[in-house]
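Below you'll find the structure, written out as structure tokens, and then a few comments.
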Amino acid sequence: MRRVAGELHAVIVVSPETETRLARQGYKTTLPGLALAPTRVAEDTFRTFHSFDNPVSGIRATLSAWTSADTLIHVDSVGASLEGRPMLVVKIGPAADDPARPNVLFIATHHAREWISTAVAMKLIRWLADSGGAAIATHDVWVMPVENPDGYQYTFTNERYWRKNRRLNSGGSYGVDPNRNYPTFWGVDELGSSSWEYAETYRGTAPASEPETRAVMAFHAAHPPVVSLSYHSYGGLLLYPWGFRAGELPPDLTRYQALAGTELAPAVTDSVPGSPQEHYHPGPGWNLYATNGEYTDWAYRTYGTIAFTTELTNGCCLQGLYYGFEFPDDSVLVERVFRDNLPFARSLIDASGDLAHAPGASGLVPGVPRFTSLWPDSWLSLDASAPRPLSLTLRTGTGALVDRSVQTDSLRRGVLRTDWRTDLHLDAVRALRAVATNVSAELVSLAGAEPLDKGWRGWWRDSVGAPGAGKYSWYAAGGFDTLTSPPIDLRGRTAVWLQLWTRHNGSAFTPEQNGVIQFSGDSGRTWSNVALIVGDGPSWYPMRVDLPQAGGRRGAQVRFISNQFSWWLDAVGFASDATTVFAQLATAAGADVSENPVRSDQVVISWPATVGSARISVFTFTGERLYEATVAAPTNEYVWDLTVDGGARRVVNGAYIIVVDVDGNRYRKRLFVARPSQ
Ligand code: 0X9
Ligand code: ZN
22 MRRVAGELHA
32 VIVVSPETET
42 RLARQGYKTT
52 LPGLALAPTR
62 VAEDTFRTFH
72 SFDNPVSGIR
82 ATLSAWTSAD
92 TLIHVDSVGA
102 SLEGRPMLVV
112 KIGPAADDPA
122 RPNVLFIATH
132 HAREWISTAV
142 AMKLIRWLAD
152 SGGAAIATHD
162 VWVMPVENPD
172 GYQYTFTNER
182 YWRKNRRLNS
192 GGSYGVDPNR
202 NYPTFWGVDE
212 LGSSSWEYAE
222 TYRGTAPASE
232 PETRAVMAFH
242 AAHPPVVSLS
252 YHSYGGLLLY
262 PWGFRAGELP
272 PDLTRYQALA
282 GTELAPAVTD
292 SVPGSPQEHY
302 HPGPGWNLYA
312 TNGEYTDWAY
322 RTYGTIAFTT
332 ELTNGCCLQG
342 LYYGFEFPDD
352 SVLVERVFRD
362 NLPFARSLID
372 ASGDLAHAPG
382 ASGLVPGVPR
392 FTSLWPDSWL
402 SLDASAPRPL
412 SLTLRTGTGA
422 LVDRSVQTDS
432 LRRGVLRTDW
442 RTDLHLDAVR
452 ALRAVATNVS
462 AELVSLAGAE
472 PLDKGWRGWW
482 RDSVGAPGAG
492 KYSWYAAGGF
502 DTLTSPPIDL
512 RGRTAVWLQL
522 WTRHNGSAFT
532 PEQNGVIQFS
542 GDSGRTWSNV
552 ALIVGDGPSW
562 YPMRVDLPQA
572 GGRRGAQVRF
582 ISNQFSWWLD
592 AVGFASDATT
602 VFAQLATAAG
612 ADVSENPVRS
622 DQVVISWPAT
632 VGSARISVFT
642 FTGERLYEAT
652 VAAPTNEYVW
662 DLTVDGGARR
672 VVNGAYIIVV
682 DVDGNRYRKR
692 LFVARPSQ
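For the sequence shown, this note's numbering puts the final residue at 699, and the numbers step up evenly by one.
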């Protein structure tokens, strides 16, 4: 290691993957000929990429030209950056912000050097204005093309690889990472962000210390988005919460998977010539790496916004050249990236109108509560508007009933830790029922490398199992190995799915190292792929694979093929849903509110005319009951006064769930309170 002009230099030999990872962590390679050296860039000499400030071709000038020429494009500023640049937000469609229309937000370029994301956002604005049709008439669609205008400008004038904003830190370094500065999980550990001001992931001195962060927050308070998408580059990924801790999954997992798809049914195609992959890999943020103070975790936790991060393009390879952050200045290729990503952007806009029913890429029906796992933890994916509190009943093999109340914190909403031990094994965990929501499911088989588990072939036995799931797990050391289950009789079972717990040391940059899950319904004569796992998963987490084809099969088998993947498995079992009760839930609708988002101090809640009295409950998004009232028939509306909150305190801005129980029906409505001047 040597020191050159104040920088530490080290000579190390690494694989291209590690080099990519190091580059993303802010290390720069300075070997001649490699594209990662910081380069000085003249402003706006590109065909497809434009600075913020250039008076003719810059983003600001372009948007103001578009606004004057086009009645469907409206530009507003929601604050100013540190250096005083406007934080521009573009609304495409009618000028008026109509609370009856759902808000959808697209943000680009938190990170200065990720130019392709601003280019794609600008193309999205044009496409919406030129061809948006019903999408912009029935939704309030907003695009913030540059979240970090100071840093972005700096990449055109000074340093192509600049990432952060341009804050002068106390020790003399520059920049806070805009995607580590949000208040949610801000600085919870040193893994997901850095306290060292020189680091590329420096989180700043305090939550929301940066004016750019505060501008995004102010926008959300004024126009809470039902759905949002934050464009970054690169990697070819489609990420969703949570990102702050490996293994943590969002309560709306079904909804996220419905929209982003799964590895075998992904929502975004990658058609950039030479890209080594065919689609963008969907998954929770920690599949890439953990982040804290990050935008999507914040938007989801604060407003219930279904928020995604897209890492545009794989970064490899064109004419055999790895290009990373420097997407080629080629209008045909930029257009391709835009076209690849347009269907997902459109599906998000469409889905925002009716999140509970709009099907996404995967064909899953969102809004229907369902188990991700039954054992050793029961994880129930719930709609944010599902009633609280929730309790789960477990019927044991001996017929005994055990009631557990579900934790109501919003992180693990719907997650019940059953915390029993393996000695109870399968018979003890039959027929789990979630009473409050009428969801029930039953484990049909269960195995996890314990001495009792007979008939499994392949892989090693590791002496560390998933928490609560016995002493052992199965382990593939990273070669090409297959683990095969014995055949299970599923006759008489419908709505079958596979539950498993897994852990893996992969990388989102090496998707060719992966784990394949296959199913056979004929005792191993024929096999088909049912799931694919890629990326990093350093903590145990549950996974559900729907296997409708498994219902009624006599010889149902699964196998797990490791393609150079360090992969652990535990608590593998077939489960079956009681599907009829699911259908009843989907029909629950019918409560209405006078304005949404609420901008005044009173909101009228109404429901269909009834005979009995109605019970109105207001829950916070985290599931705490805030307020309750009873209204006698025939009155079928209630005025909720937000200034008093039952006499206690003023109701704060945010997302709330209204539940109306009347005549045996339960009506739910998600309500946003976004009053100015609080
Ligand atoms: O690190 C980031 O902020 C994003 N990647 S980038 O290379 N564009 O900087 C990823 C954020 C998504 N969330 C998680 N990975 N947890
Ligand atoms: Zn980024």
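Backbone N, C-alpha and C fix where the C-beta goes; we use that ideal spot for every residue, glycine too. None of these values were measured; they are calculated from a predicted model.
Residue i CB to nearest heavy atom of ligand 2 below 7 Å
i	result
H131	yes
H302	no
E231	no
E269	no
E135	yes
Per DSSP, the bridge partner or partners of residue i
i	result
E463	S597
H253	E332
G681	According to the sequence provided, residue 681 is Val. The question's Gly does not apply to it. Answer by DSSP bridge pairing, in chain order: I637, Y688.
M238	DSSP output for M238 lists no bridge partner at all.
Q578	S541
A650	I637
L363	Note: L363 sits in no beta bridge, so no partner.
N124	D161, P246
N179	Paired residue(s): none; N179 is not in a bridge.
K112	H95, W163
Y223	S215
Q520	R565, G594
H18	A question about residue 18 goes unanswered here, because the residues of the chain that appear run from 22 up to 699.
Q623	D662
D371	Paired residues: none, contrary to the question.
S583	D502, G536
Cβ-based neighbour list, residue i, same chain, cut-off 6 Å, excluding 5 preceding and 5 following
i	result
V593	A468, L521
A156	I370
N526	S587
L705	Limits of the chain in this structure are 22 at one end and 699 at the other, which puts residue 705 out of reach.
P563	T393, S394, W400, W522
A236	V99, G100, M108
A610	Because A610 sits at a pLDDT of 49, beneath the cut-off of 50, its placement in the model cannot be relied upon, and the following sentence gives the value as read from the coordinates. So no residue of the chain qualifies.
L285	L553
D682	R636
W136	F70
Contact test: residue i Cβ vs ligand 1 heavy atom, cutoff 7 Å
i	result
Y310	yes
H253	yes
G264	yes
L260	yes
N202	no
W307	yes
E347	no
E645	no
T716	A query on residue 716 cannot be resolved here, the shown segment of the chain reaching from 22 to 699 and no further.
E649	no
T330	yes
E315	yes
Residues near residue i by beta carbon distance below 7 Å, same chain, minus five either side
i	result
A577	P508, I509, L511, G542, A571, F595
V96	L84, S85, T88, L109, V111
G556	H302, G304, N308, L309, G527, S528, A529
A116	H95
Y659	I626, I637, A650, V652
L212	A311
N674	A242, V694, A695, R696, Q699
R357	S292, V293
Cut-off 8 Å between Cβ atoms - residues of its own chain near residue i, not counting five sequence neighbours on either side
i	result
G295	C337, C338, L339, Q340, G341
P53	Summary for P53: the model assigns pLDDT 34, below 50, so the residue's position carries little reliability, and this model does not support an answer.
L189	Y195
D662	D622, Q623
G685	none
A267	W307, A311, D557, G558, P559, S560, Y562
Cβ-Cβ separation, residue j to residue i (assumed contact under 8 Å), whole Å
i	j	result
P390	L376	Actually they are not in contact, since the Cβ atoms of P390 and L376 sit about 14 Å apart, beyond 8 Å.
D318	F265	6 Å
G306	P262	6 Å
L568	W518	6 Å
H160	R201	No, H160 and R201 are not in contact; Cβ-Cβ is about 30 Å, not under 8 Å.
W480	Y496	6 Å
Short CB-CB distance (under 8 Å) between residue i and chain B
i	result
F392	In the structure shown, chain B does not exist; there is a single protein chain.
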